[in-house]
Amino acid sequence: DAGVTQSPTHLIKTRGQQVTLRCSPKSGHDTVSWYQQALGQGPQFIFQYYEEEERQRGNFPDRFSGHQFPNYSSELNVNALLLGDSALYLCASSLGRDRGSSPLHFGNGTRLTVT
Amino acid sequence: AQTVTQSQPEMSVQEAETVTLSCTYDTSESDYYLFWYKQPPSRQMILVIRQEAYKQQNATENRFSVNFQKAAKSFSLKISDSQLGDAAMYFCAYRNPGNQFYFGTGTSLTVIP
Chain A
2 DAGVTQSPTH LIKTRGQQVT LRCSPKSGHD TVSWYQQALG QGPQFIFQYY
52 EEEERQRGNF PDRFSGHQFP NYSSELNVNA LLLGDSALYL CASSLGRDRG
102 SSPLHFGNGT RLTVT
Chain B
-7 AQTVTQSQPE MSVQEAETVT LSCTYDTSES DYYLFWYKQP PSRQMILVIR
43 QEAYKQQNAT ENRFSVNFQK AAKSFSLKIS DSQLGDAAMY FCAYRNPGNQ
93 FYFGTGTSLT VIP
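Sequence order for the protein chains is A and B.
Numbers given in the numbering used here equal positions in the first sequence, counted from 1, plus 1.
The second sequence: position 111 = 103 (the numbering used here), numbered continuously.
The structure is reproduced here in structure tokens:
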């Protein structure tokens, strides 16, 4: 049973550049959420995708955008990178947008370093 | 706004002993879910245990159990018979009815052989 997979595992970018992170959800899951985890902090909710639409969004600027494809995989795009965007980006999948106690299943994350 | 507070940045426990990690949360909702996740150095967040707010009975998963006090908005995790593999960051998480998760800042657990 394939779990949540993310690529790449590590990434180094320069201020002002743009980055795209990718995520494939756990088999059978249809909802993908993205989280930013700064060093020493808990994950912060960026946004959630369901049925190829952004359904919920956390307190992140428009520089952060995403997409969900018909096969439920997802991309996170960050434009005009800032030093403060350096973090571990976690993708999590779940079953159904509002379905019961469906927990989040996480990938191993992408470590983004902005220099 | 929903917030999750973990007041213990670090905890340690002797192998085979019991340890309790604290978590409090703030919400005006009556229907929600609570979770504990474990994050080892491998970075992957792993679900430890979950609790539905409408259930009075505390959840238990093998050596892991919770003490859920809804009125006090408290959700502590008890780890019994601690093992070396339990060493990790532990995050308490709150899920609102809209399926949005909020995480605490984590507790780093060290298991002493």
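Note that beta-carbon positions come from the ideal geometry of N, C-alpha and C, so glycine has one too.
Separation of residue j from residue i, as counted between CA atoms
i, j, result
"L89(A)", "N54(B)", "30 Å"
"T15(A)", "F70(A)", "28 Å"
"C15(B)", "Y94(B)", "12 Å"
"L91(A)", "F67(B)", "24 Å"
"K65(B)", "T19(B)", "8 Å"
"T(-5)(B)", "V5(B)", "27 Å"
"F65(A)", "E9(B)", "44 Å"
"I41(B)", "N59(B)", "12 Å"
"I13(A)", "N109(A)", "17 Å"
"A39(A)", "T97(B)", "10 Å"
Cβ neighbours of residue i in the same chain (closer than 6 Å, five flanking residues each side left out)
i, result
"E55(A)", "F48"
"Q70(B)", "Correcting the residue identity first, residue 70(B) is Lys in this sequence and not Gln. Contacts found: T12, S57."
"A3(A)", "S28"
"N78(A)", "T21, S66"
Counterpart residues of residue i in DSSP-defined beta bridges
i, result
"M81(B)", "Q31(B), S100(B)"
"L77(A)", "L22(A), G67(A)"
"F73(B)", "The amino acid at residue 73(B) is misidentified as Phe; the sequence shows Asp. None, per the DSSP bridge assignment."
"E44(B)", "Y25(B)"
"A63(B)", "BP columns for A63(B) are empty, so no partner."
Spatially closest choice to residue i from the options, by CA coordinates
i, options, result
"G90(B)", "S66(A), H30(A), Q57(A)", "Q57(A)"
"G85(A)", "Q37(A), A3(A), C92(A)", "Q37(A)"
"G17(A)", "S103(A), N80(A), P62(A)", "N80(A)"
"P32(B)", "A80(B), L76(B), T99(B), V5(B)", "A80(B)"
"V5(A)", "S103(A), A93(A), L12(A)", "A93(A)"
"S118(A)", "I13(A), L40(A), L22(A), G41(A)", "With chain A represented from 2 up to 116, any question about residue 118(A) goes unanswered, as that position is not in the structure."
"Q61(B)", "T52(B), Q48(B), D73(B)", "Q48(B)"
"S(-1)(B)", "C84(B), M37(B), V5(B)", "C84(B)"
"K21(B)", "R42(B), Y86(B), G98(B), S74(B)", "The sequence as given places Glu at residue 21(B); Lys does not occur at that position. When only C-alpha atoms are compared, the closest one is Y86(B)."
"L82(A)", "T10(A), V20(A), S8(A), N109(A)", "V20(A)"
"Q36(B)", "T10(A), S75(A), L96(A)", "T10(A)"
"F46(A)", "Q7(A), F61(A), H106(A)", "F61(A)"
"C24(A)", "Y50(A), S103(A), P104(A), G97(A)", "Y50(A)"
Same chain, Cβ closer than 7 Å to residue i, five either side skipped, listed in chain order
i, result
"S87(A)", "L113, T114, V115"
"D78(B)", "I71, L101, V103"
Contact set for residue i: own chain, Cβ-Cβ below 8 Å, skip 5 residues either direction
i, result
"D23(B)", "A45, Y46, P89"
"E7(B)", "S74, Q75, L76, V103, I104, P105"
**Message:** Against chain B, which members of the region 66 to 96 of chain A pass a CB distance test of less than 9 Å?
**Reply:** Of all residues in the region 66 to 96 of chain A, L89, L91, A93, S95 have a Cβ within less than 9 Å of some Cβ in chain B.
**Message:** To be precise: take each residue of the region 91 to 102 of chain B, compare its Cβ to all Cβ atoms of chain A, and keep it if any distance is under 8 Å. Which residues remain?
**Reply:** Against chain A - using a Cβ distance shorter than 8 Å - the residues of the region 91 to 102 of chain B are N91, Q92, F93, Y94, F95, G96, T97, G98.
**Request:** Can you give me, in chain order, the residues of the region 66 to 77 of chain B that have a beta carbon less than 7 Å from any beta carbon in chain D?
**Result:** Protein chains A and B are contained in the structure displayed, whereas chain D is not.
**Prompt:** Which of the residues in the region 16 to 49 of chain B, read from start to end, lie with their CB under 9 Å from any CB of chain A?
**Reply:** When CB distances to chain A are screened at a threshold of 9 Å, the residues of the region 16 to 49 of chain B falling below it are Y25, F27, Y29, Q31, S34, R35, Q36, M37, I38, L39, R42, Q43, E44, in chain order.
**Prompt:** Between the region 77 to 88 of chain B and chain A, which residues of the former have a C-beta closer than 7 Å to a C-beta of the latter?
**Reply:** Of all residues in the region 77 to 88 of chain B, F83 have a Cβ within less than 7 Å of some Cβ in chain A.
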